[in-house]
Structure formats: C-alpha cells, structure tokens
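These notes are about the structure you will find just below.
Protein chains: 2
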Amino acid sequence: MTLPASETAIPDVEISYAAIEQAAARLVDRAQITPVLGSRTVNDRTGAQVFFKCENFQRTGSFKFRGAFNALSQLTPEQKQRGVLAFSSGNHAQGMALAGQILNIPTTIAMPQDAPAVKQAATRGYGAEVILYDRASVKREELCEQIAIERGATVIPPYDHPDIIAGQGTAAKELIEQVGSLDLLLVCCGGGGLLSGCAIAAHALSPQCRVIGVEPAAADDATRSFYTRTLQTVHNPDTIADGARTPFLGKLTFPLVLRHVQDMVTVSDEALLRSMAFLWERLKIVVEPTGALAAAALLEGIVKAPGSRVGVMISGGNVDLTKIASLLIH
Amino acid sequence: MTLPASETAIPDVEISYAAIEQAAARLVDRAQITPVLGSRTVNDRTGAQVFFKCENFQRTGSFKFRGAFNALSQLTPEQKQRGVLAFSSGNHAQGMALAGQILNIPTTIAMPQDAPAVKQAATRGYGAEVILYDRASVKREELCEQIAIERGATVIPPYDHPDIIAGQGTAAKELIEQVGSLDLLLVCCGGGGLLSGCAIAAHALSPQCRVIGVEPAAADDATRSFYTRTLQTVHNPDTIADGARTPFLGKLTFPLVLRHVQDMVTVSDEALLRSMAFLWERLKIVVEPTGALAAAALLEGIVKAPGSRVGVMISGGNVDLTKIASLLIH
C-alpha cells in the first residue's frame, strides 16, 4: 500500500541495473520484444532522430505486464499457492491477471463497481477473479486487509515495489539494445515505476542520456514533487490520461525519480489529444492518452532536442474506442 | 485507362513471379519491410495461426507505394523527364507522389475538387502537383488526354498495369519470406492489382496456398465477375471501404484473378466496421476500412480455416480520424 510521505519515513532503496537485467532474463519468451517505430515526418518536424518504443504492442496492451510478471515470478512457492491481490481497474490489473495465469498463481483483482465492463471482462478473460467494491461505502485499505487476511494473498502494488520497478525498466533496456545509445529518453509518469526503472536502465546503457518524465498538466504532482523535492499530491485530477491520475509518487519511486531523472515536464490534455491523434494517423498505432504523454512533450515542442537521438516510450494502447472517438469529435 | 470488357477484347497478359522478384529488388531500401503481427485472441477465436501483414506501416500508409515505385523506376530517362500523371484521390495518389519524389520525376495527380483537403495536402506534401477538377463538368478521360498531351506525361493507372501488379505482389512475397508457407491468404479486392499480384507470389512460394479475395458486399463486382466469368461492374457503391469502390476489375487483372485466385467472398459494412474496431482495439493498429476487409472475412467466420496457417493482408491505414470516429459512435 502506498502512503503519503507525511505518514512514513522515505526509505532510500536503490534499484540496481543488475535487478533490471535479471528481470529481463525472466521475461525472455514471456514478454513481447516490442517494435520500435520511426517516422520521417516526426524527424523532420523535431530535427531529432526519434525512436518510438511501442509498449502498446506488449502483452495485455501495456508495459505493466513486465513488472507484474517479474514480481510474481519471484514469490515463494507458498506465496504462489496462496495467491496474489491487486487493486486496479487499469493496465496493472490486466498485467497481473496474465502473469498470474502464466505462472499458475490465483490472482484476485479488486476494482471499483463502476470500472468499465470491458476492463472487467478483459481481466476475467486472463483468468483472474474480479471483486467489485463500492467506492463510496468501502475503504480500499480495509478491503485490502480483509482479503489479504482471508486468503493469505500477497498484495502487489502497481508501482511502489522493487520488482515492479525493475520489470518496467526492461522496456528502456530493450529499446537501447534495439537502437543504440540515446541522448534523451522521454517517459510518461503516473506513480513513477516505469519512469524510475527506465531511467536506471538508460543510464546504465547510455550514461549521457537525459531522462525526462512527462505528466498531464492537471496531474502534475510528480513535477511539483521533483521541483520542490517534497512529495506533492493531486486528488481525482481531471485528465484524459487515466494511467497518470495516480495521486502521488511512491515511497520507493519518489527518491528514485529525484536521483535518476533529469527533468519533469507537463502536457495539457488538449496537446495530449492532438499528439495521440497524430500518432494514430501518422504512425498507424493505437495509443492510449497516457501512452501519448512522452510523445506529446516532443511533438508539442515542450522538450526540444534538435540533432539528438531521442527515445519516446509509448506506454500502452488500451482504449475504449467509442469513448476516444467521442473525444476526437468534440 | 480502364475500359469495360464489353468495349475491348480481354488480353491475356501473364505476370511472372520473376517480375515480382525484380520488383522486390527495386524496392530494397525504398519500401519498408512491414511487420507481421499475430494475436493469441485471433488464433483462439479462429482455430488458425493467423499472420497479419501490416502494409498500413508501409511508406505513405498503404501497399500502393510498392506498385507506384516499381512502375516509375522502369520508365525511360525521357519518360522520367516528361513526368507522370495519375488520377486518384486515394492511396495511389500518395504512393505515386512519394515514388516520384524519390526518383525525381515530376508527378501530377488529378483529383476531384471535393477530395478531402487532408489528402490533397498529403499528396502535395510528397512534392506532387495536384490538379483539381470538377467531376460534374469535366470528363476524367478528356482531362487525362489533355494533360498527357500538354505535358507529354505518362499516365500510370492505379492497378491495371503489369509493373503495378508486380509491385503489389511483393507484399505477399515478403509475408511468406517472413513467416513461411501458408495454407490460405486473404487479400482485399478493389481493382484487383494487389489481389492478383499477391496470388501469383503466394503460389510461387507456397504452391498449396489458397488465395481468396475479399470485397465489400455493396461493391461485389469482382465476386460476381469471378463467379460468372464475365466482367461485372458497380457504380458509386455505398460502402465505407473507399479503396474498394472501384467500378470493375481491369483488362489485365480480371483474367489474372480468374486464373490465380481460388475464391471471392464479400463482407457487409457492418461486419467490416466491427472487424476494423477489433483490429484497432486488440492489435493496436490503425487500419482503414478497406484494409480490414481480409481480416473481416476471417474474424466474421465468412472464411473458416481451423488448423491452417493463414495470411491476412492489412492493405492500409490512411483514415480521416474524425470521420472514422463518427462511424464508431453511430
């Protein structure tokens, strides 16, 4: 469980590149080696050589499978037998469900009752048990404790866990192995698991690489935390980037972001939607709003890098098409 | 220019696999080697092993670049200097424009005045001159003759040309080289250039492969022509598959389809839209309606092939996002 910094001392856990290498070894033949796409139009427009790392083609449609599989595969036989529990109505749910299915670990996913039916179905489709709870009457923490005690299940948080962070870092490792060293890597930031893991991998393989995190302007807690060096929060931010509505960085990810990330920037929802549509129309890939954050920072000129080799993490492509369609029209 | 069969004797021009091999050699480092995607969900649903050949990732967003580049690169120096002319408001226009730009051949594209501004801009963006004409007052044939005489330009038709057909066939050659032999190949059919070229390549590399063409139900001229062995036509068919609104097969493509294609099937627009949305949501790729025809035949169970290795040609991904968005909502 993630707690605000005020309630707890911030531990200073380092994630080593060796942990990311071990995660990558575990993911061989389990995760997709996702393609890297380029675009002459984007290169012309930015003056950079841009490499889009397409984790929207990852199994379950996002990078989350990497961390979930890495975490679950390291449980003890007894933990595996008792099963795992996650709270998520998003990509972590699907990543966990598939990892659990592959590793034959009973997986329970708790979702709010109002989670989209399509997400519930996808998670059940990977063999997980979905428990719905009423946001208004049930406290997540209490439900978590209850299920964990009843079932003896291990709770796997979406980002604030060393094995999750190391797993997500394999995305940047794979990118740099595919295209060579980078001058700049842009990564979206929700809870900071992908960002911190990728920063550690990027600096190990490409020491001069600047790593910049990208947040929605309406959910800029990590950017403010980065600049003030004090954990900041947001509450129910109004942004289309649902994967980055996370209220705060984690106890592990906050110090990792401070230590390994060179800058943080934000993108308005308007710019994000424009960039998402650009990626759909020009690169012919379906990218979810959160997945377009890093690209938006570059395409909108918020980060400029002429003459540079730039990696852009496309984190996922799970969209409700009719919902996105209405955003594109209005 | 294509004329209905009734106005002309049908010549029996064969396209050899050697011509497709030569086209492939010309396209090295010019065309993209497009990726092949698979989907566990699709395999489970169909009982087949399905390989989606993603020509939506081809340069200019469709397979059309292959044929255009192959045709243009074989012009004489004098023809190259005088330039080329095409009538198209679709993917052939962009394929021609880019091929002309690469080969430094002046390229003129004639489009109806009401062609979408975005298509005009894309074609001009590749360096072609766009001439707009009024569909109501100007006959395409007369305009064509006039421009061809004034400029001495060579007219490059969108499908009924040996070099175009051979160029399009390289898509199937590349697919089979990537994934190995196939039991079945599904290809969309407009004018029949892609279908006949791919059928010839498929049979050369994978002799037992059945090749099936797929048309929109509302533009089923090729299917009716195939079954009656007499050229049938459609006029302004009402289908969202704009790339398959072609009124009839060509003088070259009709006999090639009769000789090399094993069957033709049709797909309703409703089924097509459903399959297109499925490809967007599950494969995370942007596919235009015509580009989803072949997939729809399989996904909708119109063609069944359990236990088979099935190639599905995804022909292109050029969409007007707001237009498609409104289709997805309604």
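For the protein sequence lines, the chains are Y and P, in the order given. Numbering follows this note's numbering, in which position 200 of the first sequence is assigned residue number 187; successive positions increment by one, without gaps. Numbering follows this note's numbering, in which position 296 of the second sequence is assigned residue number 283; successive positions increment by one, without gaps. The C-beta atom is built at its ideal place from N, Cα and C for all residues, glycine as well. Treat the numbers as computed from the prediction; the structure is a model and nothing was measured.
Per-residue DSSP class, three states only, for K40 of chain Y: Locating residue 40 of chain Y in the first sequence gives position 53, counting from the first residue. Three-state DSSP puts K40 of chain Y in a strand.
Near-chain P residues of the region 261 to 272 of chain Y - C-beta to any C-beta below 7 Å: Correct list: A264, W267, E268, K271, I272.
Pick from Y:F39, Y:L173, Y:F56, Y:A140 that is closest to E116 of chain Y, judged by C-alpha positions: On the first sequence, residue 116 of chain Y is found 129 positions in, with the first residue counted as 1. When only C-alpha atoms are compared, the closest one is Y:A140.
Neighbourhood of D101 of chain P by C-beta distance below 8 Å, restricted to the same chain and skipping five residues each side: Taking the second sequence and counting its residues from 1, one reaches residue 101 of chain P at position 114. These residues qualify, in order along the chain: R122.
Enclosing alpha helix (DSSP H) for L315 of chain Y [first to last residue]: The residue you call residue 315 of chain Y lines up with position 328 of the first sequence. Start and end: 308 to 316.
Nearest-angstrom Cα separation, counted from E128 of chain P out to P224 of chain Y: Taking the first sequence and counting its residues from 1, the one referred to as residue 224 of chain Y is at position 237. Taking the second sequence and counting its residues from 1, the one referred to as residue 128 of chain P is at position 141. Here the C-alpha atom of P224 of chain Y lies approximately 59 Å from the C-alpha atom of E128 of chain P.
Assigned exposure category for G303 of chain Y - 16 Cβ within 10 Å defines buried: The residue given as residue 303 of chain Y occupies position 316 in the first sequence. Classification for G303 of chain Y: buried.
Three-state secondary structure assigned by DSSP to M83 of chain P: Within the second sequence, residue 83 of chain P is the residue found at index 96, counting from 1. Judged by DSSP in its simplified three-state form, M83 of chain P adopts helix.
Classification of P103 of chain P by the beta-carbon crowding that lies within 10 angstroms, buried from 16 upward: Translated into positions along the second sequence, residue 103 of chain P becomes position 116. Its Cβ having fewer than 16 others within 10 Å, P103 of chain P is exposed.
Rounded straight-line distance, which links the Cα of G112 of chain Y to that of S76 of chain Y: Within the first sequence, residue 76 of chain Y is the residue found at index 89, counting from 1. Within the first sequence, residue 112 of chain Y is the residue found at index 125, counting from 1. Going by the C-alpha atoms only, they are around 14 Å apart.
Beta bridge counterpart(s) of D250 of chain P as assigned by DSSP: The residue given as residue 250 of chain P occupies position 263 in the second sequence. According to DSSP, which records beta bridges pairwise, D250 of chain P is partnered with P:I199.
Closer than 8 Å to chain P by CB, F44 of chain Y: One-based indexing of the first sequence puts residue 44 of chain Y at position 57. Yes, contact with chain P.
Residue range of the unbroken beta strand (DSSP E) whose run includes L130 of chain Y: Locating residue 130 of chain Y in the first sequence gives position 143, counting from the first residue. Counting along the chain, L130 of chain Y falls outside any beta strand (DSSP E), though it belongs to the alpha helix (DSSP H) covering 127 to 138.
Cβ-based contacts, 9 Å cut-off: residues of the region 22 to 39 of chain P near chain Y: Answer in chain order: P22, L24, R27, T28.
contact_flag[the region 190 to 197 of chain P, the region 39 to 54 of chain P] where n(CB pairs < 8 Å) is 3 or more: Because the criterion of three Cβ pairs below 8 Å is not met, the region 190 to 197 of chain P and the region 39 to 54 of chain P do not touch.
Bounding residues of the alpha helix (DSSP H) (the contiguous stretch that carries C185 of chain Y): Against the first sequence, residue 185 of chain Y aligns to sequence position 198. Per DSSP, the continuous alpha helix (DSSP H) segment holding C185 of chain Y begins and ends at 180 to 192.
C-beta atoms of Q61 of chain Y and D150 of chain Y nearer than 8 Å: The sequence position of residue 61 of chain Y within the first sequence is 74, counting from 1. The sequence position of residue 150 of chain Y within the first sequence is 163, counting from 1. Yes.
Separation of V105 of chain P from M98 of chain P, as counted between CA atoms: Start at 1 with the first residue of the second sequence, and residue 98 of chain P comes out as number 111. Start at 1 with the first residue of the second sequence, and residue 105 of chain P comes out as number 118. Roughly 12 Å separates the two Cα atoms.
Unbroken beta strand (DSSP E) run spanning R296 of chain P, endpoints: If you number the second sequence from 1, residue 296 of chain P lands on position 309. Where R296 of chain P is concerned, the enclosing beta strand (DSSP E) stretches over 296 to 301.
Top-ranked residue by Cα proximity to L314 of chain P, from P:Y120, P:T21, P:F235, P:M263: The count along the second sequence starts at 1 and reaches residue 314 of chain P at position 327. Answer by Cα proximity: P:M263.
T28 of chain Y: first and last residue of the uninterrupted beta strand (DSSP E) it sits in: By 1-based counting over the first sequence, the position of residue 28 of chain Y is 41. That residue, T28 of chain Y, is in no beta strand (DSSP E); its alpha helix (DSSP H) goes 27 to 33.
Three-state secondary structure assigned by DSSP to V105 of chain Y: Within the first sequence, numbered from 1, the residue matching residue 105 of chain Y stands at position 118. Helix.
Three-state class that DSSP yields for F241 of chain P in the structure shown: Within the second sequence, residue 241 of chain P is the residue found at index 254, counting from 1. Here F241 of chain P sits in helix by DSSP.
Cβ contact check for the region 210 to 222 of chain P and the region 144 to 162 of chain P: 3 or more pairs under 8 Å: Too few Cβ pairs lie closer than 8 Å, so no.
Proximal residues of chain P, C-beta to C-beta of G304 of chain Y below 7 Å: What you label residue 304 of chain Y is simply residue 317 of the first sequence in a count that begins at 1. Within 7 Å Cβ-Cβ: K271.
Cβ separation of I311 of chain Y and T309 of chain P, assumed to be a contact under 8 Å, to the nearest whole Å: By one-based count along the first sequence, residue 311 of chain Y stands at place 324. By one-based count along the second sequence, residue 309 of chain P stands at place 322. With a Cβ gap of about 12 Å, I311 of chain Y and T309 of chain P do not count as contacting.
Within chain P, partners of I316 of chain Y - CB distance below 8 Å: For the purposes of this step, residue 316 of chain Y is identified with residue 329 of the first sequence, where counting begins at 1. Residues of chain P with a Cβ closer than 8 Å to the Cβ of I316 of chain Y are, in chain order, T309, A312, S313, I316.
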